[in-house]
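Engineer: Pasting in a structure now, in structure tokens, and then I'll have a few things to ask.
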Amino acid sequence: MRPSDSQLAERLQTGFLGVIAFGLILALLVQARFILICLVFAIIIFSLTSDAISAFARLKVPNWLATTLALIAIAIGLLWAATAVVAQVNEVVSISIAYADRAQAALARLSQRWGPQAQEAIATFMGNIDFAGWLRSAAAQASNLISGSVLILTFVGFMFSERIWFPIKIERLTKDPAQARQMLETMRRIMRRVNRYLVVKAAISAVTAALIWLIFRFWGLELAGAVAMLTFILNFIPTLGSIIATVITVAMVLAQTGDPAPTLAIGTMTTAVHFIIGNIFDPMLLGQTLRLSSFGIVLSLAFWGAVWGIAGTFLAVPIMVAVMIVCAQIPWLRPVAIMLSQEGVPEAEPRQPRLRG
């Protein structure tokens, strides 16, 4: 066999093994999605809380006391958030089923203006959609938040118990202090960038949700709290989240009022809120934080949404940040990091704002 033939055979074998490995990893991600999703959320919460504990340590607060208070705060926060989401989803389900007939009647009145063919097409489309089934499915999935919160809390607790020994384990695992420091620094960079993204995104989402809540209260509509919470959660999904939140908000308004005029007015106001915040403040505050390719974000949303569903769309950006930083440290994966970065410089840290005196 000629050398060129042997090299070709070796490359084909390597590619074949790579495809098999990717298939096995993908199967593992799908089959163990619940545990893996909880684990990723636990890592994110642990990362956010570690920064808070470090800040308390600089204030001379004992480490054990800061850790205990952090675990108590995480437990209360997770359980409160899970029960609040479940309560709001159940309220939306009960009220939406009651308003379903009114919404269909409003759509029928609107379709009359477009002729009999459009009216028949809309009626057929609406008849094929099982709104009640979707709502009950959403309620069933929301009920899993309680068990997920307990599992996340368990993961976070064990992570805190291993927090002190983790650097020592990394050094003994690599058997090279320099390589261990490099690995720890890479992890810190991932945590810093993800934490900064989550904090800024949470602030932007809170402002958006508050404005939507004020609009609903001003018009005297029900489900203001549920719509605000839904807006806050969906805003963590880049690009698609605000579109989905706007569509759901308009559908809820139409279901409650049954009148196109207030639906159009409120829909215009909510669209303006999402457009202004999403196209002006969001890029301005997050542009230097993410440094990710817009096309890469869309691909990440599509992949993790297909693998992990709704939870995957929330985790797509943090996972993409971690992948980009890790690939930047490995020479043969550096082209991947360059393609995922916004400016082709994946190592660049977000510029800190300077205070002018």
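Residue numbers (this note's numbering): 37 to 393. The beta-carbon is built from N, C-alpha and C at its ideal position, and this holds for glycine as well.
Taking the alpha-carbon positions, what's the THR16 to PRO298 distance?
Structural biologist: Here the chain covers residues 37 to 393 and nothing more, so residue 16 does not appear.
Engineer: Could you please give the first and the last residue of the uninterrupted alpha helix (DSSP H) stretch that includes PRO203?
Structural biologist: Here residue 203 corresponds to residue number 167 of the sequence shown, with the count starting at 1. Element bounds for PRO203: 202-210.
Engineer: Who are the Cβ neighbours of GLY393 in its own chain at under 7 Å, not counting the five residues just before and after it?
Structural biologist: Along the sequence shown, one-based indexing puts residue 393 at 357. Confidence in GLY393 is poor, its pLDDT being 37 and thus under 50, which makes the residue's placement too unreliable to answer from.
Engineer: Starting from the Cα of THR282, find the closest Cα among GLN215, ALA117, LEU300 and GLY294 and give me that residue.
Structural biologist: The sequence position of residue 282 within the sequence shown is 246, counting from 1. Across the set GLN215, ALA117, LEU300 and GLY294, the C-alpha of LEU300 shows the shortest separation from the C-alpha of THR282.
Engineer: Less than 8 Å between the beta carbons of LEU107 and GLY193, yes or no?
Structural biologist: On the sequence shown, residue 107 is found 71 positions in, with the first residue counted as 1. On the sequence shown, residue 193 is found 157 positions in, with the first residue counted as 1. Yes, they are a contact pair.
Engineer: Are three or more beta carbon pairs between the region 240-256 and the region 267-278 nearer than 8 Å?
Structural biologist: yes
Engineer: Quick check on MET288: buried or exposed, where buried means 16 or more other Cβ atoms within 10 Å of its Cβ?
Structural biologist: As a working note, residue 288 is residue 252 in the sequence shown. The residue in question, MET288, is buried, as its Cβ has 16 or more Cβ neighbours within 10 Å.
Engineer: Count the other CB atoms within 10 Å of the CB of VAL76; is the residue buried (16 or more) or exposed (fewer)?
Structural biologist: Walking along the sequence shown from the start, residue 76 turns up at place 40. Under this definition VAL76 is a buried residue.
Engineer: Alpha carbon to alpha carbon, what distance is there between GLY113 and GLY51?
Structural biologist: Here residue 51 is taken as the residue at index 15 of the sequence shown, counted from 1. Here residue 113 is taken as the residue at index 77 of the sequence shown, counted from 1. Between the C-alpha atoms of GLY51 and GLY113 there is a straight-line separation of about 46 Å.
Engineer: Would you mind sorting TRP100 into buried or exposed? The rule is 16 or more other CB atoms within 10 Å of its CB.
Structural biologist: Position 64 of the sequence shown, counting from 1, holds the residue named residue 100. Per the 10 Å Cβ criterion, exposed.
Engineer: DSSP on SER336, reduced to helix/strand/coil?
Structural biologist: Taking the sequence shown and counting its residues from 1, one reaches residue 336 at position 300. Three-state DSSP puts SER336 in a helix.
Engineer: Where GLN215 and LEU95 are concerned, what is the direct C-alpha to C-alpha distance, given to the nearest angstrom?
Structural biologist: Within the sequence shown, numbered from 1, the residue matching residue 215 stands at position 179. Within the sequence shown, numbered from 1, the residue matching residue 95 stands at position 59. Rounded to the nearest angstrom, the two C-alpha atoms are 31 Å apart.
Engineer: Which same chain residues end up closer than 6 Å to GLY332 when comparing Cβ atoms and leaving out the 5 residues on each side of it in sequence?
Structural biologist: One-based indexing of the sequence shown puts residue 332 at position 296. Here the set comprises LEU376.
Engineer: Relative to the alpha-carbon of ALA338, which residue among LEU64, ILE273 and LEU257 has its alpha-carbon at the smallest distance?
Structural biologist: By 1-based counting over the sequence shown, the position of residue 338 is 302. Among LEU64, ILE273 and LEU257, the Cα nearest to that of ALA338 belongs to ILE273.
Engineer: Can the beta-carbon of ALA239 be found less than 8 Å from the beta-carbon of TRP249?
Structural biologist: The residue you call residue 239 lines up with position 203 of the sequence shown. The residue you call residue 249 lines up with position 213 of the sequence shown. In this structure, ALA239 lies away from TRP249, with their beta-carbon atoms at least 8 Å apart.
Engineer: Is the beta carbon of TRP344 closer than 8 Å to that of ARG69?
Structural biologist: In the sequence shown, the residue the question calls residue 69 occupies position 33. In the sequence shown, the residue the question calls residue 344 occupies position 308. Yes, Cβ-Cβ distance for ARG69 and TRP344 is below 8 Å.
Engineer: Rounded to whole angstroms, what's the CA-CA distance from ALA120 to ASP212? Just pull it up for me.
Structural biologist: Working through the sequence shown from its first residue, we reach residue 120 at position 84. Working through the sequence shown from its first residue, we reach residue 212 at position 176. Roughly 48 Å between the two C-alpha positions.
Engineer: Within the continuous alpha helix (DSSP H) that includes SER377, where are the two ends?
Structural biologist: As a first step, residue 377 must be located in the sequence shown, where it is residue number 341. Careful: SER377 lies outside any alpha helix (DSSP H) and carries neither H nor E.
Engineer: So who's on the other strand from LEU328, going by DSSP bridges?
Structural biologist: Your numbering for residue 328 matches position 292 in the sequence shown. According to DSSP, LEU328 bridges with SER377.
Engineer: Going by beta carbon distance, what residues of the same chain come within less than 6 Å of VAL286, once the five residues before and after it are set aside?
Structural biologist: Counted from its first residue, the sequence shown places residue 286 at position 250. Answer for VAL286: GLY303, listed in chain order.
Engineer: Using DSSP with H/G/I as helix, E/B as strand and the rest coil, what is TRP100?
Structural biologist: The sequence position of residue 100 within the sequence shown is 64, counting from 1. TRP100: helix per DSSP, three-state reduction.
Engineer: Can you give the Cα-Cα distance for GLN388 and ARG232, rounded to whole angstroms?
Structural biologist: Taking the first residue of the sequence shown as 1, we reach residue 388 at position 352. Taking the first residue of the sequence shown as 1, we reach residue 232 at position 196. In this prediction, GLN388 scores a pLDDT of 48, lower than 50, which makes its location untrustworthy; no coordinate-derived value is stated.
Engineer: How would you label ARG208, buried or exposed, when you count the other beta carbons within 10 angstroms and need 16 or more for buried?
Structural biologist: Translated into the one-based positions of the sequence shown, residue 208 becomes position 172. Answer is exposed; the Cβ neighbour count stays below 16.
Engineer: Using DSSP with H/G/I as helix, E/B as strand and the rest coil, what is ARG370?
Structural biologist: Counted from its first residue, the sequence shown places residue 370 at position 334. Correct three-state label for ARG370: helix.
Engineer: THR210 and MET219: beta carbons closer than 8 Å?
Structural biologist: Translated into the one-based positions of the sequence shown, residue 210 becomes position 174. Translated into the one-based positions of the sequence shown, residue 219 becomes position 183. It is a contact, given that the beta carbons lie within the stated cut-off.
Engineer: Using C-beta distances below 6 Å, list every residue in its chain close to MET227, excluding the 5 sequence neighbours before and after it, in chain order.
Structural biologist: On the sequence shown, residue 227 is found 191 positions in, with the first residue counted as 1. Cβ neighbours of MET227 beyond the five flanking positions: SER83.
Engineer: Going by DSSP, what residue range makes up the alpha helix (DSSP H) through ALA68?
Structural biologist: Taking the sequence shown and counting its residues from 1, the one referred to as residue 68 is at position 32. Segment: none, ALA68 is in no alpha helix (DSSP H) and carries neither H nor E.
Engineer: For ARG199, which three-state DSSP category applies?
Structural biologist: Start at 1 with the first residue of the sequence shown, and residue 199 comes out as number 163. In the three-state DSSP reduction, ARG199 falls in the coil class, being neither helix nor strand.
Engineer: Exposed or buried, what is SER336 when buried is set at 16 or more other beta-carbons lying within 10 Å of its beta-carbon?
Structural biologist: Within the sequence shown, the letter at position 300 stands for residue 336. Its Cβ being crowded by 16 or more others within 10 Å, SER336 is buried.
Engineer: From the DSSP output, in three-state form, read off PHE272 for me.
Structural biologist: For the purposes of this step, residue 272 is taken as the residue at position 236 of the sequence shown. It is coil, neither helix nor strand.
Engineer: Alpha carbon to alpha carbon, what distance is there between GLU198 and ILE312?
Structural biologist: Locating residue 312 in the sequence shown gives position 276, where the first residue counts as 1. Locating residue 198 in the sequence shown gives position 162, where the first residue counts as 1. C-alpha separation (whole angstroms): 44 Å.
Engineer: Would you kindly work out how many angstroms separate the C-alpha atoms of ARG229 and ILE79, rounded to a whole number?
Structural biologist: Taking the sequence shown and counting its residues from 1, one reaches residue 229 at position 193. Taking the sequence shown and counting its residues from 1, one reaches residue 79 at position 43. Taking the straight line from one Cα to the other gives about 14 Å.
Engineer: How many Å lie between VAL334 and ASN271 at the Cα?
Structural biologist: On the sequence shown, residue 334 is found 298 positions in, with the first residue counted as 1. On the sequence shown, residue 271 is found 235 positions in, with the first residue counted as 1. Their Cα atoms are separated by approximately 15 Å.
Engineer: What residue from GLU221, LEU234, LYS237 and LEU290 has the CA that sits closest to PHE252's CA?
Structural biologist: Against the sequence shown, residue 252 aligns to sequence position 216. Sorting GLU221, LEU234, LYS237 and LEU290 by C-alpha distance to the C-alpha of PHE252 places LEU290 at the top.
Engineer: Just curious, the alpha helix (DSSP H) that LEU247 is in, first and last residue?
Structural biologist: On the sequence shown, position 211 is the one that residue 247 refers to. Note, LEU247: alpha helix (DSSP H), 213-254.
Engineer: Round the Cβ separation of ILE110 and LEU189 to the nearest angstrom and send it over; I've been treating them as touching at under 8 Å.
Structural biologist: Residue numbering aside, residue 110 sits at position 74 when the sequence shown is read from its first letter. Residue numbering aside, residue 189 sits at position 153 when the sequence shown is read from its first letter. That pair is a contact at about 6 Å.
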